[in-house]
Amino acid sequence: QITLKESGPTLVKPTQTLTLTCTFSGFSLTTSGVGVGWIRQPPGKALEWLAVIYWNDDKRYRPSLKSRLTITKDSSKDQVVLTMTNMDPVDTATYYCAHRTTARRIFDDWGQGTLVTVSS
Amino acid sequence: QSALTQPPSASGSPGQSVTISCTGTSSDVGGYNYVSWYQQHPGKAPKVMIYEVSKRPSGVPDRFSGSKSGNTASLTVSGLQAEDEADYYCSSYAGSNNLLVFGTGTKVTVL
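In order, the protein sequence lines correspond to chains W and Z.
The numbers in our numbering rise by one with no breaks, and the one at position 98 of the first sequence is 732.
The numbers in our numbering rise by one with no breaks, and the one at position 35 of the second sequence is 1028.
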């Protein structure tokens, strides 16, 4: 059974850097074809993918946010970390991490999400 | 990277069918057979209902079906049930650089 859980601050100030951790179980990020991605959803709005990291350390970023995002993995701890710099109130959203495979190209298992509010 | 276009809302009575469209471009929906659909109930994480245009993951009722024609994909929910009331998002692979794009979302109401 695959599970993922996001953790991190619930409140950040404008211009600060957000660091979110996704801790997962039920799969390994050393298995060929496996990846973990981050997706966010502002309140009442649509889903927006942010970044994905794969077993071979290949990384993909949303082009419009690429300069602000960094995704890393620690396979020994079964964790993926997302950092987003220069946070702004428009970045207020629920942030999800999710399991992905190169074979099916879908996010087939999701964490519960964590709401991050950007406010001074 | 523009979001795929979906109608804001759709509705149907129990037992009826509802179809949701998802319009993209030749760089995403029209270019790949990697369209997926996600169902999201309020306060919950999305759940994949359809992948690779028309495939259903294990456990998803066969009332859910998907198709694609050109740059437009569609999700049909047949035999609507109360628990189908949710937001639905389409998504498409968009190449190795853009990776993927989500739709604008459709709220399905069961009357």
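Each residue gets a CB set at the ideal place from its N, CA and C atoms; glycine is no exception.
Asked, Found
"Cβ neighbour criterion (16 or more within 10 Å) applied to P676(W)", "exposed"
"8 Å CB neighbourhood of T664(W) in its chain, flanking five on each side removed", "W689, S709"
"Residue-level contact to chain Z via CB, A737(W), 7 Å cutoff", "no"
"Partners in chain W for F1095(Z), counting only beta-carbon separations shorter than 7 Å", "A680, L681, E682, W683"
"Cβ contact check for the segment 1087–1100 of chain Z and the segment 1045–1055 of chain Z: 3 or more pairs under 8 Å", "no"
"Delimiting residues of the beta strand (DSSP E) encompassing A1087(Z)", "1079–1087"
"Nearest-angstrom beta carbon gap, A1079(Z) and Q1032(Z) [assumed within contact, 8 Å]", "5 Å"
"Selection of the segment 1074–1086 of chain Z by Cβ proximity to chain W, strictly under 8 Å", "Y1082, S1084, Y1086"
"Own chain partners of T706(W) with C-beta closer than 6 Å, once the 5 adjacent residues on each side are dropped", "V715"
"From Q1074(Z), G1024(Z), K1100(Z), S1004(Z), residue whose alpha carbon lies closest to that of S1085(Z)", "G1024(Z)"
"When Y730(W), W744(W), G642(W) are compared against T651(W), the one with the closest alpha-carbon", "G642(W)"
"Contacts around L1068(Z), its chain only, beta-carbon distance under 8 Å, and the 5 residues preceding and following it disregarded", "T1012, I1013, C1015, W1030, M1042, I1043, F1057, S1058, G1059, Y1081, C1083"
"Residue burial classification, D1077(Z) (beta-carbon count within 10 angstroms, cutoff 16)", "buried"
"Helix, strand or coil at A737(W) [DSSP, three-state]", "coil"
"Start-to-end residues for the beta strand (DSSP E) that takes in K639(W)", "637–641"
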